[in-house]
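Number of protein chains: 2
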Amino acid sequence: MATTIASDSGSAPQGGSTRERILQVALELFTEQGYDKTSIRDIAEQLGVTKAALYYHFKSKADILLELHLRLHGLGERLLDALEALPSGEARARAWPQLLDGFITAVDDNRELVALHQRNQSALEALHDSERHRAANDDIERQLRRLLAGSELPPEMRVRMVCSLGAVMAGLLTDGIVDDISHEARVALVRTSVADMFRAP
Amino acid sequence: MATTIASDSGSAPQGGSTRERILQVALELFTEQGYDKTSIRDIAEQLGVTKAALYYHFKSKADILLELHLRLHGLGERLLDALEALPSGEARARAWPQLLDGFITAVDDNRELVALHQRNQSALEALHDSERHRAANDDIERQLRRLLAGSELPPEMRVRMVCSLGAVMAGLLTDGIVDDISHEARVALVRTSVADMFRAP
DNA sequence: GTCTATATTTCGATAGAC
DNA sequence: GTCTATCGAAATATAGAC
């Protein structure tokens, strides 16, 4: 299963089907310039085709964003399933560091998609309100909130959990501050940093 | 100095000058619906005036966003000044938890503005590219990156710093998970959570 | 300062030929 | 599957009266 998108990083990517190349270019431009400031025309020109060609592969601009969104969706679902599988609040609290570790790996493996999400929060929320998306797919964030809020976990633990998620995002996606070490070393440092939030006192 | 904006939370706020009321409504709508999906007309109607009236007070839609951005700008500047005032990398590392504490207070005091920033990252970056903004005001994030990257701080410390900033954002801005305690208690929990990232082993 | 127009542009989307 | 040509909608911004 290929949740990640091959990153040729060329100006006019030739690998894969046209549909896949559209998604690849869209991912780049949506992340760089933002979804709203990227026109269908921008994508088409970067790809060397016309707008009309895009509408053969996708029925709307929002559909392109939706497709990219769904590819990331499985990431959160796996974390949720693992969390939900644990019965009691106590077990959930104990298992969290391990789940977080898997989350770090997943985010790191899908950095481009996560960055797209991070930089286009409002555009993605607008999708949820208008598209059929809600019917079939339960919103991932709402689900996580219900799970954490509904747990018998003490508030102190829930705050730590939320903070740790934000820490992972910042640690893995913020560029320009720790470029003097290898990427693997950086990921490892993120792991230990967030793990320390759940150390015994 | 009023960096925060009075939040009447009414449908048609009457407090303050028209210019201030515009900013207040814009802040709400930009955060709720996103900057790009909020039209000048939306703001005007919510305010009970016409579009043309807005153009008397602001020369463009982007100018409204810019004004809101500048109000948050001072927040990061204060953290930067405090960080820059410390000479050596060692002193900077030791002082970080205290600086972080001030950062938490500042973010909490300006939650609405920070949320606006968080949800409209791409729109704000587009501002930087086009407006005069760059000339007068050095970009706050770039400055922070240079300070941290240029420091003699070890990478392990820099990663922790970046992670802690993300943790604060998530802990203070994510709603729906810890609503069963007072806001003050929640802020206190965020403080201890991130502080634990800088505990001695 | 606020209003009623209106100018101008850009974008998303479609029709139909090839 | 891709093209040319075009439609229609919506948004920003301006002109000028009050």
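Those protein sequences? They're chains A and B, same order as listed. Heads up, the first sequence is in this note's numbering, so the first residue is 1 and it goes up one at a time. Heads up, the second sequence is in this note's numbering, so the first residue is 1001 and it goes up one at a time. We treat Cβ as the ideally placed atom computed from N, Cα and C, and that holds for glycine.
From residue i to residue j, what distance separates their C-alpha atoms?
i, j, result
"V1187 of chain B", "M1169 of chain B", "11 Å"
"P1087 of chain B", "V1162 of chain B", "20 Å"
"Q1098 of chain B", "A62 of chain A", "44 Å"
"L144 of chain A", "G102 of chain A", "16 Å"
"V1159 of chain B", "E84 of chain A", "30 Å"
"D1036 of chain B", "F1030 of chain B", "8 Å"
"G1089 of chain B", "Y55 of chain A", "55 Å"
"R1019 of chain B", "E1067 of chain B", "11 Å"
"Q1033 of chain B", "S17 of chain A", "34 Å"
"A1091 of chain B", "Q24 of chain A", "45 Å"
"P154 of chain A", "K1051 of chain B", "49 Å"
"E1077 of chain B", "A1026 of chain B", "24 Å"
"S1164 of chain B", "A185 of chain A", "18 Å"
"A149 of chain A", "S1122 of chain B", "30 Å"
"E45 of chain A", "A1195 of chain B", "49 Å"
"A1126 of chain B", "R111 of chain A", "22 Å"
Report the three-state DSSP secondary structure of residue i (helix, strand or coil).
i, result
"P155 of chain A", "helix"
"V1190 of chain B", "helix"
"T1105 of chain B", "helix"
"P87 of chain A", "coil"
"A126 of chain A", "helix"
"I1022 of chain B", "helix"
"V1168 of chain B", "helix"
"G34 of chain A", "coil"
"G1015 of chain B", "coil"
"R1092 of chain B", "helix"
Who are the Cβ neighbours of residue i in its own chain at under 6 Å, not counting the five residues just before and after it?
i, result
"F1058 of chain B", "I1064"
"G1171 of chain B", "V1190"
"A95 of chain A", "L86"
Which chain B residues sit within Cβ distance under 8 Å of residue i?
i, result
"L148 of chain A", "I1177"
"K61 of chain A", "Within chain B, no residue comes near K61 of chain A; the closest Cβ sits about 13 Å away, beyond 8 Å."
"Q33 of chain A", "S1122, A1126"
"R145 of chain A", "G1176, I1177"
Going along chain A in order, which residues have a C-beta closer than 7 Å to the C-beta of residue i?
i, result
"G1165 of chain B", "Before going further, note that residue 1165 of chain B is Leu rather than Gly in the sequence given. Neighbours of L1165 of chain B on chain A, chain order: A170."
"L1174 of chain B", "Note that residue 1174 of chain B is Thr in the sequence shown here, rather than Leu. Ordered by position in chain A, the residues that pass the 7 Å Cβ test against T1174 of chain B are V162."
Note down, in chain order, every chain A residue with its Cβ under 9 Å from the Cβ of residue i.
i, result
"D1196 of chain B", "R160, D196, M197, F198, R199, P201"
"K1037 of chain B", "D36, S122, A123, A126"
"Q1046 of chain B", "What Q1046 of chain B touches in chain A: nothing, since even the nearest Cβ is about 17 Å away."
"R1186 of chain B", "P155, V159"
Since residue i meets chain A, which of its residues come closer than 8 Å, beta carbon to beta carbon?
i, result
"I1181 of chain B", "P155"
"S1130 of chain B", "The contacting residues do not exist; S1130 of chain B stays about 10 Å from chain A at best."
Name the chain B residues that come within less than 9 Å of residue i, Cβ to Cβ?
i, result
"L189 of chain A", "P1155, E1156, R1158, V1159, R1160, C1163"
Once you ignore the five residues that flank residue i on each side, which residues in its own chain have a CB closer than 8 Å to its CB?
i, result
"Q1118 of chain B", "M1169, L1173"
"L80 of chain A", "I140, Q143, L144, L147"
"A1167 of chain B", "V1190, S1193, V1194, M1197"
"A115 of chain A", "T31, L173"
Taking Cβ-Cβ distances shorter than 7 Å, what residues in chain B pair up with residue i?
i, result
"R119 of chain A", "Q1121, S1122"
"S193 of chain A", "V1159, R1160, C1163, M1197"
I'd like the list of long-range same chain contacts for residue i, defined as Cβ closer than 7 Å, with 5 residues on each side in sequence excluded.
i, result
"A1093 of chain B", "L1153, M1157"
Using a beta-carbon distance cut-off of less than 9 Å, what residues from the region 76-99 of chain A approach chain B? none
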